[in-house]
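Residue numbers (the working numbering): 68 to 179. Taking it in order: structure first as structure tokens, then the write-up.
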């Protein structure tokens, strides 16, 4: 059986509608507190939102551009692998906050 030739060539991908493709930061494994205490991956944590970096946006996305950091709920995500790397695919409405230098100080968020 041969490999799919489209995977090897790295064809460009265009996101549709209000989709946002993000690359998560860090891992779901153990982490450290601000004081340097190691917290194991098995430790129970309350509902926690996660930060990620937007790497692609669809044509109907209004508040996010590639390179922005976005805050989202890890429970509401679809994971996808592209060219050997893992990404998360979200809808713009599933993003809770956007962190970027271009955002004005008094501006309100679209979905906050």
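Cβ coordinates follow ideal geometry from the N, Cα and C atoms, glycine included. Given the structure is predicted, the values throughout are model-derived calculations rather than measurements.
Just to confirm my understanding: we take residue i, look at its own chain, exclude 5 residues before and 5 after, and list those with CB closer than 6 Å. What are they?
i	result
residue 143	161
residue 158	85
residue 102	none
residue 121	87, 89, 131, 133, 135 and 137
Using the rule of at least 16 other Cβ atoms within 10 Å of the residue's Cβ for burial, across every protein chain shown, is residue i buried or exposed?
i	result
residue 146	exposed
residue 105	exposed
Tell me which same chain residues have a C-beta within less than 7 Å of the C-beta of residue i, skipping the five on either side of it?
i	result
residue 117	91, 139 and 141
residue 82	88, 123, 124 and 125
residue 156	86, 88, 145 and 147
residue 153	146
Could you tell me how far apart the beta carbons of residue i and residue j are, in whole angstroms, since I believe they sit closer than 8 Å?
i	j	result
residue 119	residue 137	6 Å
residue 164	residue 135	Between residue 135 and residue 164 the Cβ distance is about 10 Å, and since that is not below 8 Å, they are no contact.
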